[in-house]
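Residue numbers (the UniProt record's numbering), protein chains in the order written: chain A, 1 to 344; chain B, 1 to 344.
Protein chains: 2
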Amino acid sequence: MTRKPRPPVHHPDPVLVEATRGPLVESLHRGAVAVCDAAGEILAGWGDIERAVFPRSAVKPLQALPLIETGAAERFALSDQEIALACASHAGNALQVELVEKWLLRIGLTETDLECGPQIPSDADTARALLCADKAPSALHNNCSGKHCGMLTTARHLNEPTKGYVGADHPVQLRITAVLGEMTGTVPQHTPFGTDGCGIPTYALPLSGLATAMARLADPSRQGPTRRKAAARILAAMSAHPELIAGKGRLSTEVMRAVPSVMIKGGAEGVYTAILPGKGLGVAVKIDDGANRAAEVALLAVLRHLQAFTTEEEAALADHLQPILRNAAGQAIGVLRPAPDWLG
Amino acid sequence: MTRKPRPPVHHPDPVLVEATRGPLVESLHRGAVAVCDAAGEILAGWGDIERAVFPRSAVKPLQALPLIETGAAERFALSDQEIALACASHAGNALQVELVEKWLLRIGLTETDLECGPQIPSDADTARALLCADKAPSALHNNCSGKHCGMLTTARHLNEPTKGYVGADHPVQLRITAVLGEMTGTVPQHTPFGTDGCGIPTYALPLSGLATAMARLADPSRQGPTRRKAAARILAAMSAHPELIAGKGRLSTEVMRAVPSVMIKGGAEGVYTAILPGKGLGVAVKIDDGANRAAEVALLAVLRHLQAFTTEEEAALADHLQPILRNAAGQAIGVLRPAPDWLG
Numbered sequence: 001m002t003r004k005p006r007p008p009v010h011h012p013d014p015v016l017v018e019a020t021r022g023p024l025v026e027s028l029h030r031g032a033v034a035v036c037d038a039a040g041e042i043l044a045g046w047g048d049i050e051r052a053v054f055p056r057s058a059v060k061p062l063q064a065l066p067l068i069e070t071g072a073a074e075r076f077a078l079s080d081q082e083i084a085l086a087c088a089s090h091a092g093n094a095l096q097v098e099l100v101e102k103w104l105l106r107i108g109l110t111e112t113d114l115e116c117g118p119q120i121p122s123d124a125d126t127a128r129a130l131l132c133a134d135k136a137p138s139a140l141h142n143n144c145s146g147k148h149c150g151m152l153t154t155a156r157h158l159n160e161p162t163k164g165y166v167g168a169d170h171p172v173q174l175r176i177t178a179v180l181g182e183m184t185g186t187v188p189q190h191t192p193f194g195t196d197g198c199g200i201p202t203y204a205l206p207l208s209g210l211a212t213a214m215a216r217l218a219d220p221s222r223q224g225p226t227r228r229k230a231a232a233r234i235l236a237a238m239s240a241h242p243e244l245i246a247g248k249g250r251l252s253t254e255v256m257r258a259v260p261s262v263m264i265k266g267g268a269e270g271v272y273t274a275i276l277p278g279k280g281l282g283v284a285v286k287i288d289d290g291a292n293r294a295a296e297v298a299l300l301a302v303l304r305h306l307q308a309f310t311t312e313e314e315a316a317l318a319d320h321l322q323p324i325l326r327n328a329a330g331q332a333i334g335v336l337r338p339a340p341d342w343l344g
Numbered sequence: 001m002t003r004k005p006r007p008p009v010h011h012p013d014p015v016l017v018e019a020t021r022g023p024l025v026e027s028l029h030r031g032a033v034a035v036c037d038a039a040g041e042i043l044a045g046w047g048d049i050e051r052a053v054f055p056r057s058a059v060k061p062l063q064a065l066p067l068i069e070t071g072a073a074e075r076f077a078l079s080d081q082e083i084a085l086a087c088a089s090h091a092g093n094a095l096q097v098e099l100v101e102k103w104l105l106r107i108g109l110t111e112t113d114l115e116c117g118p119q120i121p122s123d124a125d126t127a128r129a130l131l132c133a134d135k136a137p138s139a140l141h142n143n144c145s146g147k148h149c150g151m152l153t154t155a156r157h158l159n160e161p162t163k164g165y166v167g168a169d170h171p172v173q174l175r176i177t178a179v180l181g182e183m184t185g186t187v188p189q190h191t192p193f194g195t196d197g198c199g200i201p202t203y204a205l206p207l208s209g210l211a212t213a214m215a216r217l218a219d220p221s222r223q224g225p226t227r228r229k230a231a232a233r234i235l236a237a238m239s240a241h242p243e244l245i246a247g248k249g250r251l252s253t254e255v256m257r258a259v260p261s262v263m264i265k266g267g268a269e270g271v272y273t274a275i276l277p278g279k280g281l282g283v284a285v286k287i288d289d290g291a292n293r294a295a296e297v298a299l300l301a302v303l304r305h306l307q308a309f310t311t312e313e314e315a316a317l318a319d320h321l322q323p324i325l326r327n328a329a330g331q332a333i334g335v336l337r338p339a340p341d342w343l344g
């Protein structure tokens with residue numbers, strides 16, 4: 001089945017998440033959610049799940065497939081930590097930066113070969129240390145530096161030029177685009193692309209396709225042997241190193257620590273995906289207005305709805321399922337919650 | 001005319017602002033906008049302008065009226081700088097903090113009498129200095145400390161207890177609530193309130209009432225002499241000190257610097273108001289999802305639509321009318337813009 005994404009329309013998606021203040025809803029977030037299996041069947045959907053959405057960093061686990069499938073990971077003996085970083089939007093903390101730097105050295109490159117641009121790390125301690133030492137952040141601190149190192153590793157393995165690897169016409173990106181097409185059941189080459197936060201193309205894909213791709217990572221049984229193996233490696237690496245996928249206190253890390261049977265990955269502008277190996281399902285969320293606070297609450301609400309958590313896991317995630325909003329004086333002034341008439 | 005706000009409904013307001021990435025709209029922001037005159041007539045409206053909205057800091061110029069009307073400002077010989085700070089969501093920079101501190105001393109109080117809670121200042125240099133000296137921010141750095149100092153000044157003038165001045169039952173808040181009712185043409189006492197970021201009550205008001213109140217500041221000719229004088233003082237102070245209303249690079253400050261004939265004031269969760277003295281109009285914006293990035297673009301689009309800017313002023317505000325979005329490497333990847341089918 002080939003899915004054709006439609007251009008975005010101003011169709012009102014349902015309200016998925018509300019921010020309350022005292023007795024009223026102060027703000028609300030509309031969006032769309034798709035739940036699919038590996039055959040591409042839509043098991044549940046809310047809102048317009050066929051319009052084209054930029055998946056941003058939520059497809060990093062898919063973008064890492066060529067790193068393994070080309071043999072590059074084997075050739076350079078990549079560790080699970082390195083595979084996890086290739087799938088990560090990391091916090092730029094000391095360990096994460098050191099791992100990427102050493103990996104770059106091992107493939108004969110340095111920080112200057114990264115084309116993702118510098119970024120202030122989200123890890124507060126690292127950001128503070130840089131700021132107070134009057135040091136600028138480097139490309140290593142960019143949350144995508146592991147993904148970029150993975151791209152460079154593939155280019156080195158195949159003797160491709162490393163300069164310009166972020167370009168849509170570079171073999172690195174063409175391979176990734178082909179994989180995205182196979183996994184999502186779309187032809188991304190025929191769809192528009194924008195430039196991602198880190199300079200690579202981000203192809204607009206329907207949420208249904210994105211959820212299907214995640215289901216195909218969760219259940220690669222219908223894929224060829226190379227992909228099956230690559231999918232298993234990626235899931236194993238993410239599962240073993242949730243602390244590298246994002247960082248302390250960040251949703252991906254905290255959920256994957258609390259719930260070993262679920263892998264989740266966020267993207268900018270309100271995108272989130274989940275991989276449910278036990279159920280063979282994939283989930284994709286897009287908040288129309290791009291709010292990450294809402295994408296997090298919507299994703300967890302859907303996972304709860306799909307019974308992806310045990311009672312204990314749900315208790316451990318209570319602060320994330322319905323985050324309490326506090327003011328400057330620390331008073332609880334409201335909550336972020338799934339809209340009451342969404343999942344019932 | 002008494003307006004009755006309705007509770008929020010999940011009615012789809014129109015799309016006001018779009019965030020593009022390459023050839024597509026990546027995210028969109030729905031919202032409502034009211035343009036009213038001092039008689040409470042709605043001259044233009046988009047979306048549901050009668051539902052209850054928390055105005056947050058966008059009503060600070062109204063909350064400052066009792067400071068002048070009670071005679072407190074005269075008694076303590078408040079400067080225009082201090083009146084401006086009472087209307088401000090300031091950046092917590094050195095000058096702003098010093099002015100509030102000295103003002104507090106003049107009314108016989110100190111920082112410990114402020115009940116707004118501490119807040120990391122939005123001024124980057126000040127925040128950095130605190131962080132790198134391992135100092136916690138104080139209540140003086142809270143963007144609302146000027147408003148709170150104004151409230152304390154009124155309490156001191158009227159020999160009211162200062163402790164607990166943030167409570168909904170305290171005379172300070174009761175006076176403000178009465179003024180909000182008169183200016184908006186509503187009965188806020190009958191409407192729900194939440195706790196604001198700084199601990200005081202924030203009453204849910206319809207956007208039409210909020211725009212009317214701003215129009216009554218712009219054109220107080222039908223108000224009594226005390227209010228007329230107070231409104232003129234507030235507008236003069238805001239107009240004279242745009243640098244105190246917010247801070248360098250912040251929209252309120254930049255617009256009021258570029259356009260002396262317009263006063264604007266933002267509030268958290270996507271609220272903005274404008275006072276147009278030359279036209280006798282008030283404007284109120286609420287972005288449904290609470291995104292401030294969209295409230296800024298929507299407000300400026302409406303002001304442009306109302307021909308509030310000269311050609312030169314419009315040119316000076318180009319970067320704010322349609323902000324360019326850039327990635328980590330500095331590439332322009334899209335824009336924030338008014339939705340093409342909103343204002344035509």
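Glycine included, every Cβ here is placed at the ideal spot set by N, Cα and C.
Taking Cβ positions only, does Q331 of chain B come closer than 8 Å to chain A? With 8 Å as the cut-off, Q331 of chain B counts as an interface residue toward chain A.
Cβ separation of R30 of chain A and G334 of chain A, assumed to be a contact under 8 Å, to the nearest whole Å: In fact, because the Cβ distance is near 19 Å, the residues do not count as touching under 8 Å.
Ignore the nearest five residues each way along the sequence and tell me which others in V97 of chain B's own chain have a CB closer than 7 Å to its CB. The answer, listed in chain order, is L140, H141.
Contact under 8 Å by Cβ, L72 of chain A with H157 of chain A: Strictly speaking, residue 72 of chain A in this sequence is Ala, with Leu absent from that position. H157 of chain A sits close to A72 of chain A, with the two beta carbons spaced by under 8 Å.
Might you give, ordered along the chain, the residues of its own chain that have their beta carbon closer than 6 Å to the beta carbon of H148 of chain B, omitting 5 neighbours on each side? Hits under 6 Å: L114, C116.
Any beta carbon from chain B within less than 8 Å of L204 of chain A's own beta carbon? First, the amino acid is wrong: residue 204 of chain A is Ala here, not Leu. Taking Cβ atoms only, chain B reaches closer than 8 Å to A204 of chain A, which makes this a yes.
Which of helix, strand or coil does DSSP assign to C132 of chain A? It is helical.
Give me the Cα-Cα distance between G164 of chain A and H170 of chain A, rounded to the nearest whole angstrom. G164 of chain A and H170 of chain A have their C-alpha atoms some 7 Å from each other.
Spatial neighbours of A91 of chain B within its chain, please: C-beta separation below 8 Å, excluding the five flanking residues on both sides. Result list for A91 of chain B: P121, S122, D123, T126, N143, A246, G247, K248, R250, in chain order.
Determine the burial state of K102 of chain B: buried for a count of at least 16 other Cβ atoms within 10 Å of its Cβ, exposed for fewer. With a 10 Å radius around the Cβ and a threshold of 16 neighbouring Cβ atoms, K102 of chain B comes out exposed.
Taking any Cβ of chain B, which residues in the region 46-69 of chain A have a Cβ under 7 Å from it, in chain order? Legend: CB atoms of the region 46-69 of chain A lying less than 7 Å from CB atoms of chain B belong to residues A52, F54.
Which runs of the alpha helix (DSSP H) fall wholly inside the region 230-278 of chain A and span at least 4 residues, in chain order? If you keep only unbroken alpha helix (DSSP H) runs of at least 4 residues inside the region 230-278 of chain A, you get 242-245, 251-258.
Spatial neighbours of E111 of chain A within its chain, please: CB distance less than 6 Å, with the 5 preceding and 5 following residues excluded, ordered by chain position. Around E111 of chain A: S138, A139, L140.
Would I234 of chain A and L217 of chain A qualify as a contact pair, given that the criterion is a beta-carbon distance under 8 Å? A contact, by the Cβ cut-off of 8 Å.
Given a limit of 7 Å on CB to CB distance, which residues of the region 120-143 of chain A reach chain B? Within the region 120-143 of chain A, the qualifying residues are R128, L131, C132, N142.
What is the rounded straight-line gap between the Cα of G47 of chain B and the Cα of L43 of chain A? Spanning the two alpha carbons is a distance of roughly 34 Å.
Mind listing, in chain order, the continuous alpha helix (DSSP H) runs of no fewer than 4 residues lying wholly within the region 155-227 of chain A? Annotation: the region 155-227 of chain A contains the following complete segments of the alpha helix (DSSP H) (minimum length 4 residues), in chain order: 171-184, 207-218.
What residues from the region 239-269 of chain B come within 8 Å of chain A, judged by C-beta to C-beta, listed N to C? Residues E269.
Give a yes or no on whether 8 Å exceeds the smallest Cβ distance from T177 of chain B to chain D. The chain inventory of the structure shown lacks chain D, comprising the protein chains A and B.
Of all the residues that make up the region 100-117 of chain A, which are near chain B by a beta-carbon distance shorter than 8 Å? Residues passing the 8 Å Cβ filter: E115, C116, G117.
Name the chain A residues that come within less than 9 Å of D196 of chain B, Cβ to Cβ? Chain-order list of chain A residues neighbouring D196 of chain B: R21, N327, I333, by C-beta distance under 9 Å.
First and last residue of the uninterrupted beta strand (DSSP E) at D37 of chain B: Segment 24-37, the beta strand (DSSP E) holding D37 of chain B.
Neighbour flag for D319 of chain A against chain B, beta carbons, 8 Å: Output row for D319 of chain A: interface = no.
For D169 of chain B, decide whether its Cβ has a neighbour in chain A, counting only Cβ atoms nearer than 8 Å. So, not an interface residue.
Within this structure, are the beta carbons of residue 350 of chain B and Q322 of chain B separated by less than 8 Å? Since the first and last residues shown for chain B are 1 and 344, residue 350 of chain B lies out of range.
Return yes when the Cβ of R56 of chain A is within less than 8 Å of the Cβ of D196 of chain A, no when it is not. Cβ atoms of D196 of chain A and R56 of chain A: closer than 8 Å.
A178 of chain B to V283 of chain B, Cα distance in whole Å? Pairing A178 of chain B with V283 of chain B, the inter-Cα distance amounts to about 21 Å.
Give the secondary structure of G45 of chain B by DSSP, where H, G and I count as helix, E and B as strand, and everything else as coil. The answer is strand: DSSP assigns G45 of chain B an E or B state.
Give the residues from the region 272-297 of chain B that approach chain A closer than 7 Å (Cβ to any Cβ), ordered along the chain. Among the residues of the region 272-297 of chain B, those with a Cβ less than 7 Å away from any Cβ of chain A are D288, D289, G290, A291, in the order of the chain.
I want to verify the contact list: residues of chain A whose CB lies under 9 Å from the CB of G92 of chain B, in sequence order. Those do not exist, as G92 of chain B stays about 11 Å from chain A at its closest Cβ, beyond 9 Å.
Residue range of the alpha helix (DSSP H) that includes V297 of chain B: For V297 of chain B, the enclosing alpha helix (DSSP H) stretches over residues 292-305.
Counting only runs of 3+ residues fully inside the region 53-135 of chain A, write out the beta strand (DSSP E) ranges in chain order. Entirely contained in the region 53-135 of chain A, not one beta strand (DSSP E) run reaches 3 residues.
Stretch-stretch touch, CB-based, cutoff 8 Å, three pairs: the region 253-263 of chain B with the region 223-233 of chain B: Taking a cut-off of 8 Å on C-beta distances, the region 253-263 of chain B does not touch the region 223-233 of chain B, as fewer than three cross pairs fall below it.
Could you tell me which uninterrupted beta strand (DSSP E) segments, each at least 3 residues in length, are contained entirely in the region 308-338 of chain B, listed from first to last along the chain? Listed in chain order, the complete beta strand (DSSP E) runs (minimum 3 residues) inside the region 308-338 of chain B are 324-326, 332-338.
Tell me whether W282 of chain A sits in a helix, a strand or coil according to DSSP, three-state version. The question names Trp, but residue 282 of chain A in the sequence shown is Gly. Looking at G282 of chain A - three-state DSSP - the assignment turns out to be strand.
Hey, is L299 of chain A's beta-carbon within less than 8 Å of any beta-carbon in chain B? Taking Cβ atoms only, chain B never reaches closer than 8 Å to L299 of chain A, which makes this a no.
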